[in-house]
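Under my numbering, the first residue of the sequence shown carries the number -11, and numbering increases by one thereafter. Every residue gets a Cβ at the ideal spot worked out from N, C-alpha and C, and that includes glycine. This one's a predicted model, so the numbers in the text were calculated from it and none came from an experiment.
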Amino acid sequence: MRRVVTSACQGCLSNCPVQVTIEDGRAVRVRGNAASAATGGGVCPALAITLEQEYDPDRVAMPLRRRNPRKGRGVDPRFEPVTWDEALDEIADRMMALRRAGHPERFALAKGRSTGINEVLTRVLPEIYGTPNSFNHDSICADAEKLATGAMDGVYDYHDYDWEHLECAILWGADPIASNRQKAYARRALPEALRRGAAVYVVDPRRSMTAELVEREARRKGSASAGDSGGLAASDAGGSGLCDLSPCDSAACVSGLRASPAAEPPDAGCWVPVVPGTDGALASAIARVILVEGLWNRDYVGDFKDGENLFAEAAQLKGAVDEAFFQERFTYGVCTWWNEELFDKTPEWAEAETGVPASLIVRMARTFARAGQRSVSWISPGVAMSARGLYSGMACYALNGLVGSIGAEGGVLAFPSLPVKKLPSTEPYRDGAARHACSSPRVDIPQRADFLCAKAGRAHRAPVTNLIPEAIEGGRVDMLVAYWCNYPFSCTGASRWERALEKLPFLVHVTTHVSEMSQFADIVLPARHHLFETWGFARCRQNKRSSIVLEQPCVEAFGESRNDEAGVAFALAEKLARRGFPNVLAYYQRECADPCTGVPPTSGDELAEYVLKAMTAPLWQSGDADGVGVSESAWGDFLAKGIWETDPVQGRRVGETPSPLPTPSGRFELESGALRRAFEDHALRYGVDPTDASALLGYEARGRKSLVPHYEPPVREGNEREFPFIFSQHRSIANLEGRSANAPLYHKLKRLDPGDEPGDDVVKINPIDMERLGLRSGDAVRVSSPEGSIVVRAKAWDGALPGVVVKCYGQGHWAYGHVASCDFEQGVSRGGNNNEIVPPEWERASGATARHGGLVRVRIERA
């Protein structure tokens, strides 16, 4: 029998709608859902890996219990199969023991990749049981990016970009056709934009997949207009694609410096190799050119009252301008930005910092400004997730304000909201012990002067996931239930997690595979695969639309696996009720009834389905429905389509008045009121002057400069003499957030990643450096940093800058399965895990983990 079922791929935050073809009860094909206007039915090549994940013989099939009390890397846990009842009894007994001891707050939950119904476990259970410690992975994902953009436009979220209408884009560390959050749409939209004539600059230390696409289009346009004075594409300079550390220091760029902006030929864009961590310097120089040459959008930014460009005059003296002479419209603080940062940030200065030729910087600025509000300056974790990434991200994002592209057609857009319900309040089900325990400080929000932990612009609210090891070693966590996360592999300073988990009294890991984290677990519970086996929903936001994408059981669950959210939550609630604590179960039975029938759930599967129905009810119920007694047919129709989408966001057209922004001033803030408030709160808590609050966090800027976008020199761990190379890392198109390494297809798809080798793990080194090191491609090398070392193979590649070595993240598992690791039983890794050589450091305003910006230096030696 053959049938097709809709679901969602949660391999990355694209969360693409898919359709699964089932034959005789087995999933045989996964393709994009053509009903999605966001993706047009498109997917990325990595989707095919999900079938190998589903039918992986290394999956956890049944609950496992540890028999070896000793924990550590390379220590055999001696797992034995147990029943779900046996496993849950032990978990519930320990939870009740903590409650009886008066310390329920020492119980913690941690989630990695989750579905939209996760709060049934991650909010409801801890609030009623009595712990504030429910962890997520946001701070090791993109919290710094959200703070950088939100500090200026008030939208502390991911942003969308109007590829359909844009004329120029600067991609800062973004590789949208291979990673980021819109792969399916970007793989169609970016080539279309290039063919339409859009100029795209890819600022990246490596020649990424997107950079190669842009370079190919530039060469095509160059050959099509050969003989024209502007016909030489910048990327044609130099046979290797590198010319004085840039593919663009060509005659076309040099002539562009002398010509007026109007006289320059059309620019196709190019790859812009940049020294890691110096993006902010490049952005500041671009902004200065725009202001000095009078290219800013006056309708959006405003102008000097007498019409004379005082920025140009001030530039001659590298001095300040009087803010009283400028009448701003929809921005706030442009003169402060000039006076504190831009006045001396010349292209020549930026060239020395970044390695990008001054001529190209001028050309980028003119092309970007010429496109006006149809320009996009797109920041990514590659820029913001660095030790001082807040200001790098702000500097890059601020360019959108200068050209008026915020909320504009062809510019930067905010995603539409989704009318999804939250579950009811837990308050009626909480006892005094729970309320008291939940008032305790969260162990992942540090009470330290060197962390601002700003969330949505408010200080001391953002969790810092990669500080949890310190809390565990400090005795503040006695029991952890974690699902779909693998912190000893995915967090920087991975060895810290290993040491902490060795000391954790009790760990429960809910997972599809016995991963590195599982090796330290006392109980391992088998999780279902989100795409194929369980109820849930995901949020897909692409192509100016927001979507809810349903996940539903397509095939029989693997082994004895259960839903990792509702399944585990309901089973634990039943066990706690039998031990005299019925509150959690009472909530599920009373507040999570089937909205169609009013029948309470009697199992985890029913709880998952009913919660999914309830949370998505506004999308499929009729307008006059009260929630109970609604026809099942409406739900069935929703399941069959599998997706609900908003209308596309319409950007502001030229001449239309911008809407107010959710910032303190209601405008795009180049001097951030949100940061001012956060620094004032931090200064008050720690008894310093507000102008010095940024100093507590390790930033160089003080006073008003700490409120504006600016360049902070990158942090580098390691002495340059001992560790001569800057280490830069990226993601594979096939990574599926680190969960695909046990699939054979993953290793084959590595051929798609520029510079990488299928079936191998390589560090990519510029040929000049390879020669100096006396190495050849294929040589085994040890990559060492002050944090640790890994062994991989060397690869000569001209897509890496001299002095910078590049490696893909995702390999180096010493657990996870027989394909992911070289010797699973002995714990021998296949390749190297970047997080074993990248030290733990943070972007301390947001609390986000720093993993980019060339944080660490390394040494390369023959192994």
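field: P742 versus I367: straight-line alpha-carbon distance, rounded
entry: Within the sequence shown, residue 742 is the residue found at index 754, counting from 1. Within the sequence shown, residue 367 is the residue found at index 379, counting from 1. Cα to Cα, P742 sits roughly 21 Å from I367.
For V924, the three-state DSSP class (helix, strand or coil): This structure leaves residue 924 out entirely; the chain is present only between -11 and 851.
field: Within 7 Å, strictly: CB atoms of S363 and C156
entry: As a first step, residue 363 must be located in the sequence shown, where it is residue number 375. As a first step, residue 156 must be located in the sequence shown, where it is residue number 168. Going by C-beta atoms, S363 is nearer than 7 Å to C156.
- request: Kindly indicate the opening and closing residues of the beta strand (DSSP E) around R533.
  value: Stepping through the sequence shown from its first residue, residue 533 is reached at position 545. R533 -> beta strand (DSSP E) spans R533 to E539.
query: Can you tell me where the beta strand (DSSP E) with V191 in it begins and where it stops?
result: Residue numbering aside, residue 191 sits at position 203 when the sequence shown is read from its first letter. Looking at the DSSP string, the run of the beta strand (DSSP E) that includes V191 is A187 to V191.
- prompt: Can you give the Cα-Cα distance for D744 and C796, rounded to whole angstroms?
  reply: Against the sequence shown, residue 744 aligns to sequence position 756. Against the sequence shown, residue 796 aligns to sequence position 808. Approximately 8 Å, taken between the alpha carbons.
query: What separation, rounded to the nearest whole angstrom, lies between the Cα atoms of P476 and G185?
result: Taking the sequence shown and counting its residues from 1, one reaches residue 476 at position 488. Taking the sequence shown and counting its residues from 1, one reaches residue 185 at position 197. For P476 and G185, the distance between alpha carbons rounds to 45 Å.
query: What does Y471 pair with, by DSSP beta-bridge criteria?
result: On the sequence shown, residue 471 is found 483 positions in, with the first residue counted as 1. According to DSSP, Y471 shares a beta bridge with K99 and V498.
field: Presumed contact (8 Å Cβ cut-off) between C426 and P120, rounded CB distance
entry: Here residue 426 is taken as the residue at index 438 of the sequence shown, counted from 1. Here residue 120 is taken as the residue at index 132 of the sequence shown, counted from 1. Between C426 and P120, the beta carbon gap of about 5 Å places them in contact (Cβ cut-off 8 Å).
Same chain only: Cβ atoms within 6 Å of S478, ignoring 5 sequence neighbours per side: Within the sequence shown, residue 478 is the residue found at index 490, counting from 1. Excluding sequence neighbours, S478 sits near G726.
field: Opposing strand residues paired with I753 [DSSP bridges]
entry: The count along the sequence shown starts at 1 and reaches residue 753 at position 765. I753 is bridged to A784 and V793.
- prompt: Nearest to G265 by alpha carbon, out of P701, G20 and S777?
  reply: If you number the sequence shown from 1, residue 265 lands on position 277. It is P701.
Inter-residue Cα distance where the pair is L761 and E328: As a first step, residue 761 is located in the sequence shown; it is residue number 773 there, counting from the start. As a first step, residue 328 is located in the sequence shown; it is residue number 340 there, counting from the start. Going by the C-alpha atoms only, they are around 43 Å apart.
- prompt: Quick one, are the C-beta atoms of T342 and L387 less than 7 Å apart?
  reply: Numbered from its first residue, the sequence shown carries residue 342 at position 354. Numbered from its first residue, the sequence shown carries residue 387 at position 399. Result no, Cβ atoms of T342 and L387 do not sit closer than 7 Å.
message: Taking the straight line between their C-alpha atoms, what separation do you get for Q507 and G307?
response: Your numbering for residue 507 matches position 519 in the sequence shown. Your numbering for residue 307 matches position 319 in the sequence shown. Each residue's alpha carbon lies about 60 Å from the other.
query: N707: which of G377, V846, V469 and L672 sits nearest, CA to CA?
result: Position 719 of the sequence shown holds residue 707. Ranking the options by Cα distance to N707, first place goes to V846.
- prompt: So, helix, strand or coil for F508, using DSSP?
  reply: Counting from one through the sequence shown, the residue named residue 508 turns up at place 520. F508 falls in the helix class under three-state DSSP.
query: When you compare only the Cα positions, how much space is there between L573 and R673?
result: Here residue 573 refers to the residue found at position 585 when the sequence shown is read from its first residue. Here residue 673 refers to the residue found at position 685 when the sequence shown is read from its first residue. Pairing L573 with R673, the inter-Cα distance amounts to about 40 Å.
- request: May I have the straight-line CA-CA distance separating I278 from Q717, to the nearest angstrom?
  value: Position 290 of the sequence shown, counted from the first residue, corresponds to residue 278. Position 729 of the sequence shown, counted from the first residue, corresponds to residue 717. Near 31 Å, if we compare the C-alpha coordinates of Q717 and I278.
query: For P732, which residues from the same chain have a beta carbon less than 7 Å from its beta carbon, with the 5 sequence-adjacent residues on both sides left out?
result: Counting from one through the sequence shown, the residue named residue 732 turns up at place 744. Around P732: E40 and V807.
task: Starting from the C-beta of I464, find all residues in its chain whose C-beta is less than 8 Å away, skip the five residues before and the five after it, and write them out in chain order.
output: The sequence position of residue 464 within the sequence shown is 476, counting from 1. First, the residue type needs correcting, since residue 464 is Arg and not Ile in the sequence shown. Taken in chain order, the residues that qualify are R94 and V431.
query: Under 7 Å between the Cβ atoms of L658 and G321?
result: In the sequence shown, counting from the first residue as 1, residue 658 sits at position 670. In the sequence shown, counting from the first residue as 1, residue 321 sits at position 333. Closer than 7 Å, so yes.
field: Residue burial classification, F313 (beta-carbon count within 10 angstroms, cutoff 16)
entry: The residue labelled residue 313 in the question sits at position 325 within the sequence shown. F313 comes out exposed.
query: With C-beta atoms as the reference, is P69 less than 7 Å away from L97?
result: Within the sequence shown, residue 69 is the residue found at index 81, counting from 1. Within the sequence shown, residue 97 is the residue found at index 109, counting from 1. Against a cut-off of 7 Å, the Cβ pair of L97 and P69 comes out as no contact.
- request: Report the partner residues of D291 according to the DSSP bridge assignment.
  value: Along the sequence shown, read from residue 1 onward, the residue named residue 291 stands at position 303. Beta-bridge pairing links D291 to Q315.
C-alpha gap between M502 and T453, whole angstroms: By 1-based counting over the sequence shown, the position of residue 502 is 514. By 1-based counting over the sequence shown, the position of residue 453 is 465. Inspection of the sequence shows that residue 502 is occupied by Val rather than by Met. Using only the alpha carbons, I get a separation of about 21 Å.
field: Short Cβ contact (7 Å threshold) for E521 with A557
entry: Along the sequence shown, one-based indexing puts residue 521 at 533. Along the sequence shown, one-based indexing puts residue 557 at 569. The answer is no: Cβ separation not under 7 Å.
message: Spatial neighbours of K752 within its chain, please: C-beta separation below 6 Å, excluding the five flanking residues on both sides.
response: Your numbering for residue 752 matches position 764 in the sequence shown. Result list for K752: G743, K783, W785, A788 and V794, in chain order.
- prompt: Beta carbon of Y149: closer than 6 Å to some heavy atom of the ligand SAH?
  reply: Ligands in the displayed structure: none, and consequently the ligand SAH is not present.
- request: Over the uninterrupted alpha helix (DSSP H) stretch that includes F356, give me the two end residues.
  value: Numbered from 1 along the sequence shown, position 368 holds the residue referred to as residue 356. Unbroken alpha helix (DSSP H) run through F356: A346 to R358.
query: Looking only at its own chain, which residues have a Cβ that is under 6 Å from the Cβ of A470, when we skip the five neighbours before and after it?
result: Counted from its first residue, the sequence shown places residue 470 at position 482. Closer than 6 Å at the Cβ level, and outside the excluded window around A470, lie A98 and H497.
message: Quick check on the DSSP output: what are the complete beta strand (DSSP E) runs of length 3 or more inside the segment 709 to 771, in order along the chain?
response: 713 to 719 and 750 to 753
message: For A372 and G381, which I take to be in contact (beta-carbon distance under 8 Å), what is that distance rounded to the nearest angstrom?
response: Numbered from its first residue, the sequence shown carries residue 372 at position 384. Numbered from its first residue, the sequence shown carries residue 381 at position 393. Confirmed, about 4 Å.
field: Segments of 4+ residues assigned as alpha helix (DSSP H) that fall wholly inside the segment 357 to 419
entry: 369 to 372 and 377 to 391
message: Check this for me: beta carbons of W151 and E203, under 7 Å apart or not?
response: Here residue 151 is taken as the residue at index 163 of the sequence shown, counted from 1. Here residue 203 is taken as the residue at index 215 of the sequence shown, counted from 1. Their beta carbons are not under 7 Å apart, which means W151 does not touch E203 by this criterion.
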